[in-house]
Structure formats: structure tokens, C-alpha cells
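Just so you know, we're using the UniProt record's numbering here: the sequence shown kicks off at 1 and counts up by one.
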Amino acid sequence: MSSSRDRVEDTYETQNDQRLDDLHTKLRTLRSVTTDIYDDVERQNSTLDATRNTFNSFGSSLAQSSRRASQAFGIGKGGVKSWRNIGYCIVTIMALWMVWKIMWWWYPATPSSPSAPVPP
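Shown next as C-alpha cells:
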């Protein structure tokens, strides 16, 4: 009787060892998956940080461009006024027109075919 009892205990011991090994394998797999998840989260966090930095840089660049444009068009503080820009355009057009008229007066157009002499 003692022999059958020893056999049953050995069987239970073998089953316990096998289940313990299975549990150990599952724990190693779970630890590996957990480590992979942690590494992936760290990579995603670094990507998000880089994206956040890029958007912050873009936002500040856009704000600076907006400030410069508002100053150029006279919208913000210290900007050139719109009437001054219009005046510059009108003066430039008038100056070009005057230069064209002066050039026309100094260098009149010559006819392409010689004209016949006028008899006296």
C-alpha cells in the first residue's frame, strides 16, 4: 500500500513540476510581452515629443510671420500705413510715366520709310 501511495505522490509531484514549468514559461512570455510594450510606448512617446516640438516651432514661426505681415500692411503697431503704400505706388507710376514722356520728347519716333523731299 505504501508503494501505491508513493507512486501517486510521485505522479502528483511530476504533475506539479510540469505545471510549475508551464507557469514559468508563461511568466517569461508575459515579461517579454510587457518589455516589448514598454519599449513601444517609449518609442511612441519620443515620436510624440518630436511632433510636439515640431508643431511648437511651426506655431511660433507662423506667429512671427503673422506679426511681420501685420506690420508690413499697417495693421499692427509700428507698421507702415496703407495710405503710405498707396502713395508710394502712385508716385512710382507717375515717375515712370514722366520718364517715358521725357524719353519720347528727346528721342522722337523716326518714320520707317524715308519721306520724299518737299519741293521749294
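Using N, Cα and C, we set each Cβ at its ideal position, and we do this for glycine too. In this text, all values refer to a predicted model and were calculated from it rather than measured experimentally.
| said: Please tell me whether residue 73 and residue 82 are closer than 8 Å, where the distance is taken between their beta carbons. | reply: yes
| field | Bounding residues of the alpha helix (DSSP H) (the contiguous stretch that carries residue 88) | value | 82-106
| request: Could you check what DSSP says for residue 73 in three-state terms: helix, strand or coil? | output: coil
| query | Expressed to the nearest angstrom, what Euclidean distance is found between the alpha-carbon atoms of residue 27 and residue 47? | reply | 30 Å
| query | In angstroms, rounded to a whole number, what distance separates the CA positions of residue 13 and residue 23? | reply | 15 Å
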